[in-house]
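Structure, as C-alpha cells:
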Amino acid sequence: MLRCISVVLTAAFFAAGAFAQEKRLANAATAEEKQTSARASLRGVWKVTELLSRAPGEGWRAVTPNSSLYIFTEKHYSYVFATGAGPRRLFAGDPNKPTDAEKVGAYDSFVAASGTYVLSGSTLTLNAILHKNPNEMAGEPLTYTFEIDGNTLRMTIVNPPFSPGRERRTVLTRVE
Numbered sequence: 024m025l026r027c028i029s030v031v032l033t034a035a036f037f038a039a040g041a042f043a044q045e046k047r048l049a050n051a052a053t054a055e056e057k058q059t060s061a062r063a064s065l066r067g068v069w070k071v072t073e074l075l076s077r078a079p080g081e082g083w084r085a086v087t088p089n090s091s092l093y094i095f096t097e098k099h100y101s102y103v104f105a106t107g108a109g110p111r112r113l114f115a116g117d118p119n120k121p122t123d124a125e126k127v128g129a130y131d132s133f134v135a136a137s138g139t140y141v142l143s144g145s146t147l148t149l150n151a152i153l154h155k156n157p158n159e160m161a162g163e164p165l166t167y168t169f170e171i172d173g174n175t176l177r178m179t180i181v182n183p184p185f186s187p188g189r190e191r192r193t194v195l196t197r198v199e
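Numbering (the working numbering), first residue to last: 24 to 199.
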C-alpha cells in the first residue's frame with residue numbers, strides 16, 4: 024500500500040512539473056507571438072500626419088508636419104522628414120554648386136536616420152547606425168512608447184536629445 028501511494032505521489036509530482044513547464048512554454052510562446060504580431064504590424068511604410076510637443080504637465084501643442092517617410096522592416100528602420108513650414112528651399116543657381124549658405128539651409132531642412140530597432144511590449148527602441156547628426160550615432164538610443172491601431176502608429180518619446188525637457192508624440196499613417 025505504501026509503495027502504491029509512493030508511486031501515485033511520484034507520478035503526481037512529475038505531472039505537476041510537466042504541467043508547469045508546459046504552462047511556462049505556452050506563456051513564452053504567447054509573448055513571442057505578441058512580439059511577432061507587433062513586429063508584423065509595424066512593418067511597412069508610414070508618413071507623419073500629426074506632430075505634437077509639450078512640456079511636462081502642459082497640454083499638447085501641434086507642430087505642422089512636413090514631407091516624411093518612415094520605413095520599418097523585420098529588424099531595421101529608416102526615416103527622413105523635412106523640418107519647418109512649407110517646402111524645402113531650392114538652390115538659386117547651379118544645383119550642383121550651391122553656396123555655403125544654401126548648403127547650410129539644405130542641411131538644416133531635414134532629419135534622417137537608419138538603424139535597427141527592438142520591440143519590447145509597448146516600447147520601441149531605435150538604435151541609429153547612420154544619422155544626419157553624427158552625435159546621434161554615438162549617443163543613447165531613442166526609446167518610444169508606441170501603439171498601433173489599424174493603419175495608425177503613435178510614438179511618444181520623453182526628454183529626447185533633440186528637444187530636452189519636452190515630450191514629443193509622432194502620429195503616422197500607413198502608406199503601404
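We put the beta carbon where it would ideally sit given N, CA and C, even for glycine.
Please report the straight-line C-alpha distance between residue i and residue j, rounded to a whole angstrom.
i    : j    : result
K193 : A124 : In the sequence under discussion, the amino acid at residue 193 is Thr, which differs from the Lys named in the question. Each residue's Cα considered, the two are about 30 Å apart.
W83  : S186 : 14 Å
G80  : G173 : 29 Å
P183 : A78  : 12 Å
P121 : G109 : 20 Å
L65  : R197 : 9 Å
For the candidate residues the options, whose alpha-carbon lies nearest to that of residue i?
i    : options                   : result
P118 : S91, A129, A108 and G109  : A129
G162 : H154, T179 and F114       : H154
N156 : D131, N174 and S76        : D131
T87  : F95, E97, T72 and A78     : T72
R111 : K120, M178 and K126       : K126
R85  : F114, L74 and M178        : The amino acid at residue 85 is misidentified as Arg; the sequence shows Ala. Minimum Cα distance to A85 is reached at L74.
S60  : M178, F114, I171 and K120 : I171
M178 : R197, L147 and P184       : L147
Report yes if the CB atom of residue i is closer than 7 Å to the CB atom of residue j, and no otherwise.
i    : j    : result
W69  : L176 : yes
L142 : R191 : no
L195 : Y93  : yes
R189 : S76  : yes
F133 : A151 : no
V103 : A135 : yes
Since residue i and residue j are thought to touch, with beta carbons under 8 Å apart, how far apart are those beta carbons, to the nearest angstrom?
i    : j    : result
N89  : G116 : With a Cβ gap of about 24 Å, N89 and G116 do not count as contacting.
G138 : Y167 : Wrong, their Cβ atoms sit about 13 Å apart, outside the cutoff.
G67  : E199 : 6 Å
S145 : F169 : 6 Å
Would DSSP call residue i helix, strand or coil?
i    : result
L113 : coil
V198 : coil
K126 : helix
E170 : strand
R191 : strand
E81  : coil
A108 : coil
E163 : coil
For residue i, is the beta carbon positioned less than 6 Å from some heavy atom of the ligand ADP?
i    : result
N119 : By its list of ligands, the structure shown contains no ligand whatsoever, and the ligand ADP lies outside what it can speak to.
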